[in-house]
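Here is the structure we will look at, set down as structure tokens.
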Amino acid sequence: MPKRDSIDRFLPLKPVAFHILLALAEGPRHGYAIRAAVEELTQKGIRLWPATLYGSVRQLTAAGLMEPIDGDGDPDDDARRRYYQLTRLGRRVLAADTERLRAIVEYARGTRAIAET
Amino acid sequence: MQQGDDAPRSVRFALRLFQWCLRMLPEPLRRDFGVEIGADFRELAKGAHGRGGALAVLLVLLRSTVDVLLRSLSERWVSDHESFSEAERRLSLGERIMLLGQELRLALRGIIRRPGFTTVAVLTLALGIGANVAIFAVVNAVLIRPLPYTASERIVWFNHHAPGLNLPEMESSAGTITLYRELAKSYESIAAIVVGETNLSGTADPARITVLRTTPSIFDVLRLRPEMGRRLIESDAARGAPRVALLSYRGWQTHFGGARDVIGRTIRLDDEVTEIVGVMPKHFAHPTPEIEVVVPMLVAREDGFSAFGIGAIARLAPGATLEAARAEAIRLQPRISELYPDVKAEFLKKAGWRVTVVSMRDRLVGDAETALWIVLGTVGFLLLVACASVANLFLVRAEGRQREVGIRFALGATRSRVASTFLSESLVLGIAGGAWGLLLAFLGVRAIVAAAPPQLPRVQEISVDLRVMLFAAAVSIAAGLVFGILPLPGQMRRPLHGLARAGRGHTIGRDRQRVRKALIVTQIALAVVLITGSGLMLRSFNRLRAVDPGIRPDGVLTLGVSIGEQIEKPRAAAAYQRMVDEMRSTPGARYAAVTNSLPLRSDGINGGSFFIKSKPRAEGTLPPVAMYSVVSDGFFQTMGIPIHQGRGIERADHENKRSVAVVNESFARSFLDGKAMGEFISFGDDSVWIEIVGVVGDVRTFGLREEIRPTAYLPMTTHIETARIGLMYLVARTDSDPIALVPSARAVVRRVAPATPVTTARTMNDVLRESVADTSFTTTILLIAALVALALGAIGLYGVIGYVVSQRTQEIGVRIALGAIPSQVRTMVLRQGLVLAGVGVALGLGAAVALTRVLQSLLFEVDSRDPLTFALVPAVMLTVSGIAAYLPARRASSVSPLEAIRAE
Chain A
49 MPKRDSIDRF LPLKPVAFHI LLALAEGPRH GYAIRAAVEE LTQKGIRLWP ATLYGSVRQL
109 TAAGLMEPID GDGDPDDDAR RRYYQLTRLG RRVLAADTER LRAIVEYARG TRAIAET
Chain B
44 MQQGDDAPRS VRFALRLFQW CLRMLPEPLR RDFGVEIGAD FRELAKGAHG RGGALAVLLV
104 LLRSTVDVLL RSLSERWVSD HESFSEAERR LSLGERIMLL GQELRLALRG IIRRPGFTTV
164 AVLTLALGIG ANVAIFAVVN AVLIRPLPYT ASERIVWFNH HAPGLNLPEM ESSAGTITLY
224 RELAKSYESI AAIVVGETNL SGTADPARIT VLRTTPSIFD VLRLRPEMGR RLIESDAARG
284 APRVALLSYR GWQTHFGGAR DVIGRTIRLD DEVTEIVGVM PKHFAHPTPE IEVVVPMLVA
344 REDGFSAFGI GAIARLAPGA TLEAARAEAI RLQPRISELY PDVKAEFLKK AGWRVTVVSM
404 RDRLVGDAET ALWIVLGTVG FLLLVACASV ANLFLVRAEG RQREVGIRFA LGATRSRVAS
464 TFLSESLVLG IAGGAWGLLL AFLGVRAIVA AAPPQLPRVQ EISVDLRVML FAAAVSIAAG
524 LVFGILPLPG QMRRPLHGLA RAGRGHTIGR DRQRVRKALI VTQIALAVVL ITGSGLMLRS
584 FNRLRAVDPG IRPDGVLTLG VSIGEQIEKP RAAAAYQRMV DEMRSTPGAR YAAVTNSLPL
644 RSDGINGGSF FIKSKPRAEG TLPPVAMYSV VSDGFFQTMG IPIHQGRGIE RADHENKRSV
704 AVVNESFARS FLDGKAMGEF ISFGDDSVWI EIVGVVGDVR TFGLREEIRP TAYLPMTTHI
764 ETARIGLMYL VARTDSDPIA LVPSARAVVR RVAPATPVTT ARTMNDVLRE SVADTSFTTT
824 ILLIAALVAL ALGAIGLYGV IGYVVSQRTQ EIGVRIALGA IPSQVRTMVL RQGLVLAGVG
884 VALGLGAAVA LTRVLQSLLF EVDSRDPLTF ALVPAVMLTV SGIAAYLPAR RASSVSPLEA
944 IRAE
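Keeping their order, the protein sequence lines are chains A and B. For the first sequence, counting from 1, position 6 maps to 54 in the numbering used here; every step adds exactly one. For the second sequence, counting from 1, position 267 maps to 310 in the numbering used here; every step adds exactly one.
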């Protein structure tokens, strides 16, 4: 079980990192699929060009938040693509950051300006 | 790889470009993810192609490439953690700017708080930057700035060569100008230019002034419009046309105080009444800024082919390139015989006849180019040494700042923040050094203009302009970055125990020492290169000074006296003779004479082919060529030229208009097997035979570097037309200071010929110095740079070894307590210093072997790998390093064990 402060030191995540981790929350994906998921979810608000995508993948992997696995399942996909999945630490960090965002969203909803609209 | 054949061509092409761009990415990312990045890009590009064709692919390519660029920067400069987590707050642009301001203020405060460090650092930098900016100002004016005429790069100059006639380089003649004017298509207009001197009268002060004789076409070639009045037109140059002249801007200011009503006034030029019709524009200074009057000149085909000595400039026709124009000029040479049937093709072939066409800028800049780039390179090296010095100071200071750095890291500062603090400090210092350097450069430029050798062209244009300022700014910032970044590795270690100061922080200290040692080695190596360069120049300069000029210059005064060309020779000769007589009776003057050409200077002297009576020339062979100079009696005694055989020129030779000549040794040896006495020669085609009555020692007529030429000395009344005596130099020898003779020499000229203009009086030693001025200029700058580099290197070495000693005080104390003899300790420390110096010297010598080759063209009779220099330089450097290391070594050996332990 990762310690609390080892999670905290990643918070808050930058949007790109948050969305990459989020894209992996439903299961392993390869790079191109991560991009597609992020672009779909953010309605192209975040576009991951190749160098940025894999630069971030490298960093998040090095930080131990995600890890590559051997290609599985989907026979349609290119066998040479690497699949990535969240590590336990990654899952916890994602959860913690989501919790942080949820708290902020709830507070914001509670404020008058937003509640009245 | 994944390049499936199914991908459209534009996609495959974009992929190849993109993969090439991927090289920008840092190694780890490229190695682990290069394949995936490429594959992804291919998918993106394919998708884009399906939606929008090749244009969409291009957009994807652009966007992805920018992404690669940005990523490769952030991978290098931002830590992994910072780049995906906002644990350190994200800053807005405004905040960043505020932070930068804060950083700079902090840096400034830090700098002010350490006045000693700051003064040394700023002065060192100011020296380095100032020297670079000053020399760059010269390079800028002489080499970079174009000539001040419209499309000046299209102005060219003609040189002709006849090595077979002993005439390796000549200007042009009426014949060649006619050739190009009539037959060439690559030139829009051609102008002849001849710079001379003339006597100006009819104004407030009669004066000897510089005149440009030129064809009216110069206004087309240089695209000039007169400041006032009208330009020269073809009819001005016609034979018998009324004489007209334009004043140069300078002549207008000097002789007419810039009066607006100067047009239409008349002046006398060499006693000919001449009307002023205009004033040249201010920027006109061609080929020299000394020109005060411009008069028309006619260049006609009838003037003949062989009278060289006319400069020719041309403007390329629209569309013509320099290469094409050059090729056309070369093609035209065989057609000389069409215009001048007596110039046979065979003669041209024997003479090795050739033409070269060069741009006017190259012609003006000439030999100065190499020397200037070398000098700029030299001061560039000096700046590097200065940067290494300051970087070293920074490292020394870093010792004292471990605590500060430790605290900042502990408070959560990132490496980039700490680095930016150090960098802002070095930038502030760099800019301060640059500001002082610019001030030094202003002074330096003045000094250079004042001390510039006469061989340096365009001196009057040297100034600190916008480009020089930008250069200064760029150099300052670059210097700041260089000496800021070099010590960073030493400063940036996260000091694990920097805060607590527990232990003695050895690992950190040692790392920093390694950087400092590397810097010292670099400094010493650079110093060795500079010392080698200056050593070679010094040797070359000494060789040059050791050349026997053939005269004894001490105690000789020279004064130009211009009677002018209008007076016929016998009358002029008589006047000069009276001046010589009066000069001789002046107290203090031992000998006196006149001549039309001073030794070591090329002006005044003439040359031409001649015949020897006893050796008729075989048909088809080329005539020998010699120089001839006009002298009065007493010339050889005054100049200290030894008479080897026969006699010198005598007074009776002028009075009786004898056809005699005295020749130099080279003449006798080259043409008459050393037996010249009693032989007869004749110059030109005339049949007046001249008897050789004496042989004198050789003189370096054209300067110390130049070959000795066969020369004949003729009496003043010689019949040879081109041996002019309009301008003669009155020379006198005294046992005391020759300058003391100046007033009496002027008085003599005034008494004999009252209205005759005289030029500045100079000693023969001045003339000698001027002839080596270009070498001494380069040598001086190299020498100063080398000495400064040597001093900085020695101080740096002293600092490092001193620091090592202070770090090891305890260890040394223990050693002494255990019975080490002080001399052993001394040797140990000294050895450490000498090892560093030795490495630096070895590297420096290696670099010097490669770099001094560029000096070769400036060296005189010295090889660029001169063994003596290459042996002496390491000796000098090691001696100085030895002294620099000995001082701390002595301190080490006197460490008292008790104190050493107490000091801990």
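Backbone N, C-alpha and C define an ideal beta-carbon position, used for all residues, glycine too.
- Counting only the Cα atoms, B/Gly-321 lies some 7 Å from B/Pro-269.
- Contact with chain B is found for A/Ser-104, since one of that chain's Cβ atoms lies less than 8 Å from the residue's Cβ.
- Of the residues B/Glu-389, B/Arg-119, B/Val-100, B/Gly-171, the one whose Cα lies closest to the Cα of B/Met-67 is B/Arg-119.
- In the DSSP assignment, B/Ile-233 forms a beta bridge with B/Ala-357.
- In chain order, Ala-99 make up the part of chain A whose C-beta sits under 7 Å from the C-beta of B/Val-111.
- In this structure B/Arg-358 is not in contact with B/Ser-215, their Cβ atoms being roughly 15 Å apart against a cut-off of 8 Å.
- As the crow flies, the alpha-carbon of B/Arg-851 is around 12 Å from that of B/Pro-931.
- Proximity to B/Met-771 across B/Ser-936, B/Val-703, B/Val-637 peaks at B/Val-637, based on C-alpha coordinates.
- At a cut-off of 8 Å between beta carbons, B/Ser-583 makes no contact with chain A.
- Of the residues B/Gly-354, B/Ala-521, B/Arg-266, B/Leu-151, the one whose Cα lies closest to the Cα of B/Val-237 is B/Gly-354.
- Cα atoms of A/Gly-75 and B/Arg-85: separation of roughly 25 Å, rounded to the nearest angstrom.
- Membership of B/Ala-704 in the beta strand (DSSP E) is indicated by the continuous run 703-707.
- Identification of chain B residues near A/Gly-79 by a Cβ-Cβ cut-off of 7 Å yields Glu-79, Asp-83, ordered along the chain.
- Residue pairing from DSSP places B/Asn-649 in a beta bridge opposite B/Tyr-671.
- The continuous stretches of beta strand (DSSP E) do not include B/Pro-158, which lies in the alpha helix (DSSP H) extending over residues 158-182.
- Between B/Thr-754 and B/Asn-707, the C-beta gap is smaller than 8 Å, which places the two residues in contact.
- In this structure, the straight-line span from the alpha carbon of B/Thr-193 to that of B/Lys-325 is close to 14 Å.
- If the five residues before and after B/Ala-616 are omitted, its C-beta is found closer than 7 Å to the C-beta atoms of His-697, Met-759, Thr-760, Ile-768, all from its own chain and listed in chain order.
- Every unbroken stretch of the alpha helix (DSSP H) spanning 4 or more residues and falling wholly within the segment 907-938 of chain B is given here in chain order: 910-936.
- Non-local C-beta neighbours of B/Val-511 in its own chain, meaning closer than 7 Å and more than five positions away in sequence, comprise Val-176, Phe-179, Ala-180, Asn-183, ordered along the chain.
- DSSP, read as helix, strand or coil, puts A/Pro-76 in coil.
- Looking at the DSSP output, B/Gln-688 bridges to B/Val-738.
- Distance between A/Leu-59 and A/Phe-66, taken at the CA atoms: about 10 Å.
- Taking 8 Å as the upper bound on Cβ-Cβ separation, chain B lies near residues Arg-57, Phe-58, Leu-59, Pro-60, Leu-61, Lys-62, Val-64, Ala-65 of the segment 53-67 of chain A.
- Within 10 angstroms of the beta-carbon of B/Met-403 lie 16 or more other beta-carbons, which makes it buried.
- DSSP places B/Arg-501 in the coil class of the three-state scheme, outside both helix and strand.
- Close to B/Leu-466, with beta-carbon spacing below 7 Å, lies no residue of chain A; the smallest spacing is near 25 Å.
- Sorting B/Ile-606, B/Gly-631, B/Phe-913, B/Arg-458 by C-alpha distance to the C-alpha of B/Asp-313 places B/Ile-606 at the top.
- Taking a contact as a CB-CB distance under 8 Å, the pair B/Tyr-841 and B/Ala-927 counts as one, their CB atoms being some 4 Å apart.
- Contact of A/Leu-149 with chain B is not assigned, every C-beta pair being separated by 8 Å or more.
- For A/Arg-130, a Cβ of chain B is located within less than 8 Å of the residue's own Cβ.
- Within the segment 139-169 of chain B, no residue places its CB atom closer than 8 Å to a CB of chain A.
- Interface with chain B (8 Å Cβ-Cβ cutoff): A/Gln-133 is excluded.
- In the DSSP annotation of this structure, the continuous segment of the alpha helix (DSSP H) that includes B/Ser-53 starts and ends at 52-64.
- Residues of chain B with a Cβ closer than 8 Å to the Cβ of A/Leu-70 do not exist, since the nearest Cβ in that chain sits about 13 Å away.
- Between B/Leu-833 and B/Val-923, the gap from beta carbon to beta carbon is short of 8 Å.
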